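In the numbering used here, the protein residues as written are 164 to 967.
Glycine is no exception: its CB is placed at the ideal position from the N, C-alpha and C atoms.
Being a predicted model, the structure only gives us computed values, none of them experimental.
For reference, the structure is listed below as structure tokens.
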Amino acid sequence: MKPEYNPTEIEQNIQREWIENNTFKATPDDREKFYCLSMFPYPSGKLHMGHVRNYTIGDVISRYKRMNNFNVFQPMGWDAFGLPAENAAIANKVSPKDWTNQNIEHMKQQLISLGLGYDWSKELRTCEPEYYKWEQLIFKKFYDKGLVYKKKSMVNWDPVDETVLANEQVIDGKGWRSGAQVEIKEIDQWFIKITDYADELLTSLDEVDWPENVKTMQRNWIGKSHGAEIKYEIEDSDECLTAFSTRPDTIFGVSFLAISPNHAISLDLADKNELIKDFLDKCKEVKAAEADMAKAEKLGIDTGLFVLHPITKKKIPVWIGNFVLLDYGTGVVMGVPGHDERDFEFATKYNLEINQVIISDEQDELPVIQTGKLINSAKYNGKSSEDASIEIIEDLEKLNLGERLVQFRLRDWGVSRQRYWGCPIPVVYENGEPRILDEKDLPVKLPDLKENSPPIPLSQNQDFYNLSNELKRETDTFDTFMDSSWYYARFTSADNNDDMFDKNSKYWLPVDLYIGGIEHAILHLLYSRFFHKALRDMDLVEGNEPFKKLLTQGMVLKDGAKMSKSKGNTVDPQSYIEKYGADTVRLYMMFTAPPEQSLEWSESSVEGASRFMKKIWSLVNERKFEQIDEPLSLSEEEKGLRRKAHSTLKKVTSDFETRYSFNTAIAAIMELVNFIPESFKQDNASASNKFCLNEAIVIILKTLNPISPHISQHLWKGFYFDFLEEDIESSWPILREDLLEVSEFNLIVQVNGKVRGKVMVDKNLEQKDLESIALSIENVASTISNTPIKKTIYIKEKIINFVI
RNA sequence: GGGGAUGUGGUGGAACUGGUAGACACGCUUGGCUUAGAACCAAGUGCCGAAAGGCGUGGGGGUUCGACUCCCUCCAUCCCUACCA
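In structure tokens form, the structure reads like this:
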């Protein structure tokens, strides 16, 4: 009796060999390099399905590239700082450090048991001083370059817990732990001038091979807009309010100005006016997240102030609007209710004037958002929006009341966090004045917590911050996006404690393929791109972009929703690895959906993947490759199998190479396995039968190897290696184009675009011959009957369509 | 509110450049094997219809000889929205 397929045993043996032989350790050599990076995980405790999917995709591509003679570097590490460690520490009385390190140990074993081919010699953890000392040094270099500054900025403040809350810790405006009404508070924080690179972040998107939707999201996020800053003189004052607008052509339609509740004037007025003070207090109740602010009801209050229209000198009321952001533009918005949705809503609510100054062909009901021709605009009447914008800006420039301006939506990056479990910001305060520490004073180590102490913010840790009466340490830590913005580069030199980036980095960078969740399409990728450019300008790395190609995978869903603990719909990969083996889990993940799409978890489909593994097992196990010369003549059945085998190879290769469409590649391999005639598998099959079978098996095992490497390699050893000592990963099979040719094709016959018949015909026939064959099909003839044919359309080797 | 996606049988999905809709798999049905079950093997399986045939890719409209694919419009779901990672 044949031995049964026992994935656990096979997989553990092969994984041991990989470790013993250092199979995946990568060093620079003469071959073309391929740096394949999957987004490193936050060590939350155990792998979830999203990780399994992400890392399997990376591993499949890495193994495919390795078989095609690329020098592949595939490292793995840990995004180890972050909020969950602090929450766990409070809940379970474990230190964030111990909790994190235990999680890492467990998850690393899980990654190994999935058969992922990582070069563990370059493993890194962002929570270790060996990593973050370089991050602190980069921050210093940024500072020296003038890319760092401090300014006041808004945070969610829990007045009971006296702590800053993340957006996700604010639930319905209340602190998640205390339940207290959260306030928006302004505190002093460190910022990095990512906006200095706004233009380049936009233009160099053209250089990368990224999905168009991700590029679009980044472009929209950066949000370059052309417009003008327009000054409005405040009545009975020497001061002005300056508003940015992308539509200077609508300037005659301005009926109010709205200023931010955080604007200096608002704060000033609040001191004198109870109503305004109450209004500002009300504004503070809205969560700091953009989505919440945008969805909040538009509210305003009249300041009683007036400004003068720069051209007509008409008096215009100034309002405070809760929808005006201080951080964007000037914190002042010119309200043109006739031509802006939001202004229209606001003006209707507060009975402000609504004037039409643009007419459009597309729409006549206000508000008219489109550009068009100007009306009610004095000497600009009749001009197009485009021409009028230019002229109005020019005229305002002459009056010193405005200027052309390019504005970005992108804001500078606030990197301060008031937490314990993060990288300390390497700054000391001498008599209150900040000073960045020199390289020799780095790293500033995160202090350990006292036994059984909950993670207190550094500001409450006297030993840490109180260096002397005059000298205090900065107690903010970095945003964890800082940690993940440059790890891709550090991987190349992670085992080198003397250099941030050693000569290996020149060889491996940039990352050739970066794989990760679509949820990172904006922030993480934008920050990393910024880091790379800034590091480039300090001569630390080369090239303009960190990630040449990007593959964004979709979510893993269950019952149509993202798997999450709170919904209670998580599926633990571990039990599936144990029950079915890593090969089955990997196959399932790759087969069930294409990488970019979301994947709906289905229990029973895993069974199907397992069944296919067993099918391969029973096809190949205990079979031996036999040396047989290529037969000179073959039967139709044999020719068919060879054609199928090579067309499968062609399809799998192109699916791997150009589309990362693993589900269709696997379907093709399944088709090939199903296609093999039963008789070819018999012991007494003819030599030419066996030749064709051998060829098919070689193609099946090799094309399957990137996806399910354990079973492929195990079977390969018994089947082929014993015979030729050739490793399965040493080469990708060679395609025989000559075997793919066919002399016939299936002609589809349509009448008025509806299929009425199909017929196998010789490839060499002329169109007129095909027409007569097509017309002789009974169903076609009866449909046409005596109706005259108006037109005949023939698409080569596909379709003939009679139009009647 | 803004930005980006997605929508095809009972289910996951395929159709790559406007040219056979439903590959491959799951599930289900019937049969075989079995004391029984599991596993495995064989056949069938979009919907309506006895059949001929008709209908069918979220809804509605359009372009075309021909539309899952292109255009307009509406609906639903998911992701991101700068302190979750």
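Rounded Cβ spacing between residue i and residue j (contact assumed at less than 8 Å)
i	j	result
Lys953	Val966	5 Å
Ser418	Glu516	4 Å
Trp241	Pro292	That pair is no contact at about 14 Å.
Ile422	Ile483	6 Å
Leu1007	Glu766	Since the first and last residues shown for the chain are 164 and 967, residue 1007 lies out of range.
Glu637	Val590	4 Å
Burial state of residue i (16 or more Cβ within 10 Å)
i	result
Lys666	exposed
Thr655	buried
Pro872	buried
Glu904	exposed
Met230	buried
Arg822	exposed
Lys304	buried
Glu402	exposed
Asn964	buried
Thr923	Here residue 923 is Met; the residue named in the question, Thr, does not match the sequence. Exposed: under 16 other Cβ atoms inside 10 Å.
Ile956	exposed
Ser225	buried
His389	exposed
Ser866	Note that residue 866 corresponds to Thr in the displayed sequence, not to Ser. Result: buried.
Met164	Reliability of the predicted coordinates at Met164 is poor, the pLDDT of 45 falling under 50, and no value is obtained from them.
Ala850	exposed
Leu489	buried
Arg805	buried
Pro166	exposed
Glu180	exposed
Thr289	buried
Boundaries (first-last residue) of the alpha helix (DSSP H) holding residue i
i	result
Pro587	First-last for Pro587: undefined, no H or E at that position.
Ser548	Ser548 to Lys561
Ile863	Ala850 to Leu867
Glu273	A small correction: the amino acid at residue 273 is Gln; Glu does not occupy that position in the sequence shown. Note, Gln273: alpha helix (DSSP H), Pro259 to Ser276.
Met752	Ala745 to Thr755
Thr715	Where Thr715 is concerned, there is no enclosing alpha helix (DSSP H), although the beta strand (DSSP E) it sits in stretches over Phe710 to Gln716.
Phe305	Pro292 to Asp307
Asn250	Leu246 to Asn255
Gly771	Glu766 to Val783
Pick from the options that is closest to residue i, judged by C-alpha positions
i	options	result
Asn232	Thr358, Asp193, Arg806 and Glu560	Asp193
Lys603	Gln299, Asn250 and Lys778	Gln299
Thr643	His269, Glu174, Asp222 and Tyr295	Tyr295
Ala772	Asn868, Glu759, Glu566 and Phe754	Phe754
Ser893	Asn915, Ala831, Lys271 and Lys228	Lys228
Phe442	Asp792, Leu910, Pro587 and Phe486	Phe486
Gln716	Asn376, Pro597, Lys188 and Trp384	Asn376
Leu686	Ile474, Ala541, Leu568 and Asp575	Asp575
Asp846	Leu856, Trp373 and Glu528	Leu856
Glu249	Leu634, Leu328 and Gly492	Leu328
Tyr628	Glu596, Ile599, Tyr592 and Leu600	Tyr592
Pro896	Ser945, Thr811, Val578 and Ala937	Thr811
Span of the beta strand (DSSP E), counted from its first residue to its last, around residue i
i	result
Trp482	Lys478 to Gly484
His389	Lys387 to Ile397
Val223	Element bounds for Val223: not the beta strand (DSSP E) but the alpha helix (DSSP H), Met212 to Met230.
Tyr957	Lys954 to Ile958
Arg692	Not the beta strand (DSSP E): Arg692 falls in the alpha helix (DSSP H), residues Leu686 to Arg699.
Cys403	Cys403 to Ser408
Pro597	Glu596 to Ile599
Phe571	Gly565 to Phe571
Q: Spell out a yes or no on whether the segment 274–287 and the segment 610–624 are touching, meaning 3 or more CB-CB pairs, one atom from each, closer than 8 Å.
A: Under the three-pair Cβ rule at 8 Å, the segment 274–287 does not count as touching the segment 610–624.
Q) Would the segment 687–706 and the segment 647–661 be scored as touching if the rule is three or more Cβ pairs under 8 Å? A) With the cut-off at 8 Å, the segment 687–706 and the segment 647–661 touch.
**Q.** Stretch-stretch touch, CB-based, cutoff 8 Å, three pairs: the segment 512–529 with the segment 437–449
**A.** As far as the Cβ criterion goes, the segment 512–529 does not touch the segment 437–449, which means the pair count is below three.
(Q) Assess contact between the segment 599–613 and the segment 326–343, defined as three or more Cβ pairs (one per stretch) separated by less than 8 Å. Is contact present? (A) Contact between the segment 599–613 and the segment 326–343 is not established, with fewer than three Cβ pairs separated by less than 8 Å.
Q.
Tell me whether the segment 875–882 and the segment 778–796 touch, counting them as touching only if at least three CB pairs, one residue from each stretch, are closer than 8 Å.
A. Cβ pair count under 8 Å is three or more, so yes.
Q: Count the CB pairs spanning the segment 730–739 and the segment 847–866 that are closer than 8 Å, and state whether there are at least three.
A: Between the segment 730–739 and the segment 847–866 there are fewer than three C-beta pairs closer than 8 Å, too few to call the two in contact.
Q) Can we say the segment 306–324 touches the segment 697–704, given the rule of at least three CB pairs closer than 8 Å? A) Yes: at least three Cβ pairs fall under 8 Å.
Q) With a cut-off of 8 Å, do at least 3 Cβ pairs link the segment 249–260 to the segment 310–329? A) Flag = no, the segment 249–260 and the segment 310–329 do not touch.
Q: Spell out a yes or no on whether the segment 265–272 and the segment 671–678 are touching, meaning 3 or more CB-CB pairs, one atom from each, closer than 8 Å.
A: The segment 265–272 makes no contact with the segment 671–678; the number of CB pairs closer than 8 Å stays below 3.
Q) Below 8 Å, can you find three or more Cβ-Cβ pairs linking the segment 362–371 to the segment 707–717? A) The segment 362–371, when compared against the segment 707–717, does touch it at the 8 Å Cβ threshold.
**Q.** Given 8 Å, three or more beta-carbon pairs between the segment 911–926 and the segment 203–223
**A.** Here the segment 911–926 makes no contact with the segment 203–223; the two share fewer than three CB pairs at distances below 8 Å.
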